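Trainee: Protein sequence lines correspond, in order, to chains U and B.
22 is the number that my numbering gives to position 22 of the first sequence; each next residue is one higher, with no gaps.
97 is the number that my numbering gives to position 97 of the second sequence; each next residue is one higher, with no gaps.
Here a beta-carbon is modelled for each residue, glycine too, at the ideal position from N, C-alpha and C.
In this text, all values refer to a predicted model and were calculated from it rather than measured experimentally.
Got a structure for you, questions after.
Protein chains: 2
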Amino acid sequence: MPVNTRDKILNAAESLFAQQGFHPTTLRQITRSAGVNLAAVNYHFGAKQALIHAVFRRRLDALNAARLEQLSSIEREHDNPSLEAVLNAFVEPALAFSQGGDAEAQRFMQLLLRAFADRDVVLHQALSHDYAHIMQRFARAIASALPAADPKRLRHQIDFIVGALTLTMAESALNETRVIAAELVQFAAAGLRGCGINQSSTRTHSTKEATA
Amino acid sequence: MPVNTRDKILNAAESLFAQQGFHPTTLRQITRSAGVNLAAVNYHFGAKQALIHAVFRRRLDALNAARLEQLSSIEREHDNPSLEAVLNAFVEPALAFSQGGDAEAQRFMQLLLRAFADRDVVLHQALSHDYAHIMQRFARAIASALPAADPKRLRHQIDFIVGALTLTMAESALNETRVIAAELVQFAAAGLRGCGINQSSTRTHSTKEATA
DNA sequence: TAGCATTTAAAACGCTTGTTTCAATCGAGC
DNA sequence: GCTCGATTGAAACAAGCGTTTTAAATGCTA
Chain U
1 MPVNTRDKIL NAAESLFAQQ GFHPTTLRQI TRSAGVNLAA VNYHFGAKQA LIHAVFRRRL
61 DALNAARLEQ LSSIEREHDN PSLEAVLNAF VEPALAFSQG GDAEAQRFMQ LLLRAFADRD
121 VVLHQALSHD YAHIMQRFAR AIASALPAAD PKRLRHQIDF IVGALTLTMA ESALNETRVI
181 AAELVQFAAA GLRGCGINQS STRTHSTKEA TA
Chain B
1 MPVNTRDKIL NAAESLFAQQ GFHPTTLRQI TRSAGVNLAA VNYHFGAKQA LIHAVFRRRL
61 DALNAARLEQ LSSIEREHDN PSLEAVLNAF VEPALAFSQG GDAEAQRFMQ LLLRAFADRD
121 VVLHQALSHD YAHIMQRFAR AIASALPAAD PKRLRHQIDF IVGALTLTMA ESALNETRVI
181 AAELVQFAAA GLRGCGINQS STRTHSTKEA TA
């Protein structure tokens, strides 16, 4: 229950943006849902675009902080954390980062999916700037759990995981998210390990068949 | 080079929708880019919403047809096609389905990503209806290449692959798409195989660590 | 060539959008 | 209690939207 107008607007906007997208959602919808005056948006944020960015930054900062905290935690406990543990530190906070239950988590995943889809240049830059830090951190942790991995390929593979995480979590039924997240961790770990052939040398057999 | 107005509109709309999204793209932009009159859209398609669906159906039908054709082709050649070959029949047509080069393929992937993000009910139903058919077909092919797989988990895993494919292809640089697609096939194959433990029995070790 | 359906053209309609304006209200600090 | 900055309220603004309308042009068929 937010008390100040600013938070009321942010919450209403986040919910509506996730449901309808940024552009279709009107300021009048937002202010009506928040129970505040229309002009309050332009007063507190200046413009609709700025509101969009504010909504994003608030959640993204919390999510990435939770991820880093969890990663640091497992690194403190084990000298060489398993690949699954590292991946879980990336996936799990996306589900529970705001202790708001699965519904809120899914709502945020829908929001994140929109950020990928809408190629808003400013938003995209802000996003990748925020992500650059955490991605580098996780890439290092994964590489350390997977010493033989090729760095460039690893970057692509992390993109695969982000894509699978974002899209599936945004789409899947609410009561399934945790099961699916656990399956994704296993799936990603196996994919990264590549059944032991993750290095630059690719299997001639499969490649030949695949491109035939 | 389309000759009739209908195709000119469809092409212009597809391009603009991919770049900007459905809602922000105006009919005036579309008709200006297509070099036709504004009223032509409402004449040929009735309304903007119908135009969106038309743009989608045209491409999606072609893509799924290409996928099924490639799958049938490899099933004709081998009695038991490899997992990689099946996955490639799913991934590769997304890149080359319209022989339009990588740029066009990426544009379509952006469009597909928007379809996932925008939870337009009608569009979503049409999409999942189209997908239900092909998904079932590929799920069967994968299951046959991976006899020990758990059906329900397999469905989730296919979602992972679709997510990774859609999001990475839409985001990645143009000259990298083919490399990334090949890597995705390998990644997905390894993930599905789960290093040989894809059945219902999960590895106690990793699960414990992952949820710690 | 005449007639008819199809297609394009240009303008206008009604409506909603984000944004601005300006007065009213609130809440501390002196 | 009064003042002054911060905040809210209600109304209005210009612009752009999807859609409709009416008329002219075009392409077939006979």
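1. Would you check if there are 3 or more beta carbon pairs closer than 8 Å linking the stretch 156-167 of chain U to the stretch 180-192 of chain B?
2. With DSSP collapsed to three states, give me the class of residue 175(U).
3. Rounded to whole angstroms, what is the Cα-Cα separation between residue 86(B) and residue 142(B)?
4. For my contact list, residue 168(U) and residue 160(B) are in at a C-beta cut-off of 8 Å; report their separation, rounded to the angstrom.
5. Considering only their Cβ atoms, is the gap separating residue 23(U) from residue 133(B) smaller than 7 Å?
6. When you compare only the Cα positions, how much space is there between residue 37(U) and residue 150(B)?
7. Restricting to Cα atoms, I'd like to know which of 74(B), 45(B), 62(B) is closest to residue 105(B).
8. Looking only at its chain, what residues have a beta carbon closer than 8 Å to the beta carbon of residue 137(B), apart from the 5 residues adjacent to it on each side?
9. Three-state secondary structure (DSSP) at residue 64(B)?
10. Let's test the definition: count the other Cβ atoms within 10 Å of the Cβ of residue 83(U) and tell me whether it reaches 16, buried, or not, exposed.
11. Report buried or exposed for residue 99(B), applying the criterion of at least 16 other Cβ atoms within 10 angstroms of its Cβ.
12. Is the Cβ of residue 180(B) closer than 7 Å to any Cβ of chain U?
13. Residue 150(B) by DSSP, collapsed to three states: which one?
14. Could you compute how far the alpha carbon of residue 76(B) sits from the alpha carbon of residue 130(U)?
15. List the residues of chain B that residue 31(U) touches, going by C-beta distances under 9 Å, in chain order.
16. Excluding the 5 residues preceding and the 5 following residue 8(U) in the sequence, name in chain order all residues of the same chain whose CB lies nearer than 7 Å to its CB.
17. Does chain U have any CB closer than 7 Å to the CB of residue 157(B)?
Mentor: On the basis of the data shown:
1. yes
2. helix
3. 7 Å
4. 6 Å
5. no
6. 53 Å
7. 62(B)
8. 68, 71
9. helix
10. buried
11. Unreliable positioning characterises residue 99(B) in this predicted model, as indicated by a pLDDT of 48, which lies under 50. The coordinate reading is nonetheless provided below. By the 10 Å Cβ count, residue 99(B) comes out exposed.
12. yes
13. coil
14. 48 Å
15. The premise fails here: residue 31(U) is roughly 20 Å from chain B at the closest Cβ pair, so nothing lies under 9 Å.
16. 2, 34, 35, 36
17. yes
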